[in-house]
Each structure stands twice: as structure tokens, then as C-alpha cells.
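Chemist: Before I ask anything, let me first share the structure, which is written out below as C-alpha cells.
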Amino acid sequence: MKRKGNSCLIAVAMGVVFLVMVVFYGTISPQPSAAAPNTDYRLLGKPLYKLDISWPKYTEHFTGEVFGVAVNQVAGLVYVAQRGENVPKVLVFSMDGDFLQTWNTSTLEMPHGIFLSNASSNPTVWITDVGNGPFGHTIKQYSPSGKLLQVLGTAGEAGSSVSPLQFDQPAEIFVHSSGDIYIVDGDGGLNNRLIKLSKDLQVQWMHGEKGAGLGQFYIPHSVTVDSYQRVWVADRGNKRIQVFNSLTGDWLGSWGSCFSEDAPYSVRLTPDQKYFVVVQLNTNQISLLEAPPVGVIGQCRVASVIQLAEDIKPHLVDLDLKTGALYVAEIGAQQAQKFTPFTLGGGFL
562 MKRKGNSCLI AVAMGVVFLV MVVFYGTISP QPSAAAPNTD YRLLGKPLYK
612 LDISWPKYTE HFTGEVFGVA VNQVAGLVYV AQRGENVPKV LVFSMDGDFL
662 QTWNTSTLEM PHGIFLSNAS SNPTVWITDV GNGPFGHTIK QYSPSGKLLQ
712 VLGTAGEAGS SVSPLQFDQP AEIFVHSSGD IYIVDGDGGL NNRLIKLSKD
762 LQVQWMHGEK GAGLGQFYIP HSVTVDSYQR VWVADRGNKR IQVFNSLTGD
812 WLGSWGSCFS EDAPYSVRLT PDQKYFVVVQ LNTNQISLLE APPVGVIGQC
862 RVASVIQLAE DIKPHLVDLD LKTGALYVAE IGAQQAQKFT PFTLGGGFL
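Written out as C-alpha cells, the structure is:
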């Protein structure tokens with residue numbers, strides 16, 4: 562009888578420990594079946610996002626390496642860029658997870674970054690192409706259905722010129738609501754540049770020197786702009802995020818302490834401007850960093866971490882600016898996944 566009582570006490574204690582782990586570290590989903598996407602993950606710190614296992618409804622449409630994702634929250638569309646031999650370069654899904662169409666375009670070689678601009682008025686999709694063939698080293702603008710509208714850069718020719726504009730493996734583009742364009746150029750190529758263009762494609766300012774000093778870059782990989790006229794750049798090779806004044810290009814600060822183990826690959830803001838969503842590919846992490854108020858950069862502070870399973874390799878992300886839903890392009894898993902915000906009283910935490 563005594564031995565049975567001790568066994569009961571041990572079982573109860575183990576149950577309590579498990580519940581405590583769930584409360585403090587979030588949920589750990591079961592291992593997926595062979596036919597399902599890899600959904601194994603943990604939440605560390607403040608629980609801000611949870612995986613939506615229903616998106617997309619079918620995963621067989623992912624046939625290449627998934628590099629980028631862009632959201633049109635007005636039309637309810639999600640564009641996923643993938644690359645590989647004989648695979649469609651862009652897949653289009655609904656926000657409910659339905660597969661809608663592919664872009665059967667021959668004008669894309671190796672898509673890297675993808676961005677949806679002017680969602681509410683005249684939406685277009687911008688894609689950076691890091692290919693080395695006749696269409697590479699460019700940034701292309703497409704209609705929502707995949708019609709090529711214009712090409713920035715000299716197709717098939719890597720270069721550093723600003724007149725005419727040239728690129729070498731441009732990593733990502735961010736188009737502000739004002740029409741201003743921000744480009745990080747240099748996914749391992751000749752250039753290590755942050756360029757601001759006006760809406761009529763005139764160079765406004767540029768930081769273009771390779772190095773580890775202030776305003777220098779080594780593989781700038783992602784860029785976003787906040788509501789306080791600050792430009793945030795994932796300076797991948799230097800394992801830091803650098804910040805600039807969007808109007809003047811002046812250097813404002815740098816974050817490096819959060820990236821001692823792995824570099825930031827992607828940087829985006831939640832719709833409420835409270836958190837930066839930062840991806841670290843090699844440690845398979847999606848971190849949410851507290852966004853500083855106007856006038857203050859300070860040190861980076863991690864509020865929450867989504868720890869993905871090994872070899873998922875998250876690359877670039879985008880957010881639904883209406884609901885706050887987070888979409889992640891994952892190279893290793895060859896898929897895109899959707900995370901939805903935990904809510905309290907109907908609003909984003």
C-alpha cells in the first residue's frame with residue numbers, strides 16, 4: 562500500500578511539472594506524420610504567437626525551396642516565392658489556406674525577397690532575383706496576377722553603378738506607403754549596400770561600404786521602416802541590426818547583443834509597432850524584440866521566441882497588417898507556415 566501511494570505521488574508531481582512547463586514555455590506539438598508539414602516548435606518567454614496548423618490546407622504545392630512570403634491583407638492573399646529546377650516560382654494562397662494559383666513566369670530565375678506594396682489601392686508584387694542568368698541581378702515588379710510591369714537593374718549583369726542602377730544579388734526590397742523604396746543589395750555578391758530611391762526611382766541616399774563599422778554592411782539581408790522614420794536593416798554578416806533616419810540616411814544605432822549565436826536574417830514589425838519579428842536561420846528561431854519608442858534605440862530586448870525544430874531554416878517573414886498573422890518562409894522544411902497572435906479581449910497582446 563505504501564509503495565502504491567508513493568507511485569501516485571510521483572505521478573501527480575510529474576503532472577504538475579508538465580503543467581508548469583506548459584505555462585512558462587508554451588506548448589510542444591507532437592511529431593508530425595510523414596504527410597504533414599513539420600510543426601514541431603516551442604514558445605519561450607511571453608506567448609505572443611501560436612502555430613495555425615490548418616494553414617495551408619494542403620502542402621503538396623510546395624515543390625522547391627521556399628525563400629519569401631508577402632501578404633496582401635486587403636485582398637486576403639498570400640504570395641510565396643520558391644526556387645528550384647522546374648518549379649513554379651510564385652504560389653498564391655488565400656488567408657484561409659486554399660491554394661489559388663501559380664505564376665508560370667519565365668522572367669524569374671532565383672527569387673529571394675518578395676514584397677507587396679499599395680495593398681489598398683494599386684497592389685503590386687516586388688521580387689528580388691539573385692540568379693546569375695539572363696534575368697538575374699534585378700528587382701522585378703509584377704501585377705497581382707504575375708504580369709511583369711518593370712525591371713530595376715541591368716538584367717543578367719552584376720554591377721555597382723547607381724546611374725544606371727545595377728545590383729549584385731539584391732536581397733530584399735521594402736516599398737513605403739509614401740512610394741519611397743528601400744533596397745538591401747548584396748546577398749553575398751559584390752555589393753553591401755542600403756539604397757533609398759524616390760518613387761520616381763531617383764537615388765536619395767545610400768550606404769554602400771563593406772565592413773563592420775557604423776553604416777557599413779556585410780551581407781545586408783532584410784529591411785523595414787517603422788512609423789518613426791527609422792530604417793531597420795538586418796546586417797546578417799555582422800550579426801546585428803543597424804538603424805538609420807529614413808529622411809537623411811543618418812546612422813542612429815545598432816543592435817548586436819541579441820544575436821551572439823546567429824545572425825538576423827529577416828526583420829519586420831507587428832502592426833501595432835510594438836515588436837520586431839526577427840528570424841535567425843541557423844538556430845531555427847523567430848524572435849520578437851521590443852520596439853523602442855521614438856528617439857531611443859538603446860539595447861535590444863527579447864520578449865518572446867518561437868523555437869522551431871532542427872533544420873526548419875526560417876528565412877524571411879511577412880505579416881498581415883490587419884490581423885497580425887505571421888507568415889514564415891522556411892528553406893529547410895520547404896514550406897511556409899502561419900502563426901496567429903494570442904489575443905486578450907480580441908486584441909493583439
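Per my numbering, the sequence shown starts with residue 562, numbered consecutively.
Backbone N, C-alpha and C fix where the C-beta goes; we use that ideal spot for every residue, glycine too.
A quick note: this is a predicted structure, and the numbers were derived from the prediction, not measured.
#1: Can you have a look at PRO825 and say buried or exposed, based on whether 16 or more other CB atoms are within 10 angstroms of its CB?
#2: Hey, could you find the ends of the beta strand (DSSP E) MET767 is sitting in?
#3: Contact check, VAL828 vs ILE847 under 8 angstroms by CB: the rounded distance?
#4: Terminal residues of the continuous beta strand (DSSP E) containing VAL863?
#5: Quick one: Cα of PRO649 to Cα of GLY856, how far?
#6: Cβ of GLN921 within 8 angstroms of Cβ of VAL653?
#7: Does the structure place the region 750-763 close enough to the region 813-823 that three or more beta carbon pairs sit under 8 angstroms?
#8: Quick check: what's the CA-CA separation for ALA852 versus THR624?
#9: Nearest to TRP793 by alpha carbon, out of PRO725, TYR640, ILE744 and VAL632?
#10: Considering only C-alpha positions, which residue in the set GLY606, GLY692, GLY674 and TRP664 is nearest to LEU709?
#11: With 16 as the cutoff for other CB atoms within 10 Å, does GLY637 come out buried or exposed?
#12: Alpha carbon to alpha carbon, how far is LYS874 from GLY774? Give it in angstroms, no decimals.
#13: Helix or strand or just coil, what does DSSP make of GLY629?
#14: In the DSSP assignment, find the unbroken beta strand (DSSP E) run with ASP746 in it and report its ends.
#15: When DSSP builds the beta bridges, which residues end up paired with TRP726?
#16: Name the DSSP bridge partner or partners of PHE820?
#17: CA-CA distance, PHE676 and VAL686?
#18: Per DSSP, which one or two residues make a beta bridge with SER678?
#19: By the three-class DSSP mapping on this structure, what secondary structure does GLY798 have?
#20: Would you kindly report the start and end of the unbroken beta strand (DSSP E) that includes TRP664?
Modeler: With the structure as the only source:
#1: The residue is buried, with at least 16 neighbouring Cβ atoms inside 10 Å.
#2: Residues 764-768.
#3: About 11 angstroms separates the two Cβ atoms, so there is no contact after all.
#4: Element bounds for VAL863: 863-869.
#5: 44 angstroms
#6: Nothing can be reported for residue 921: it is not among the residues displayed for the chain, which extend from 562 to 910.
#7: no
#8: 36 angstroms
#9: Nearest C-alpha to TRP793: ILE744.
#10: Checking every option, the nearest Cα to that of LEU709 belongs to TRP664.
#11: exposed
#12: 28 angstroms
#13: strand
#14: 742-746
#15: Checking the sequence shown, residue 726 turns out to be Leu, not Trp. Paired residues: VAL723.
#16: Its beta-bridge partners do not exist; DSSP assigns none.
#17: 6 angstroms
#18: THR685
#19: helix
#20: 660-664 is the span of the beta strand (DSSP E), which, as asked, contains TRP664.
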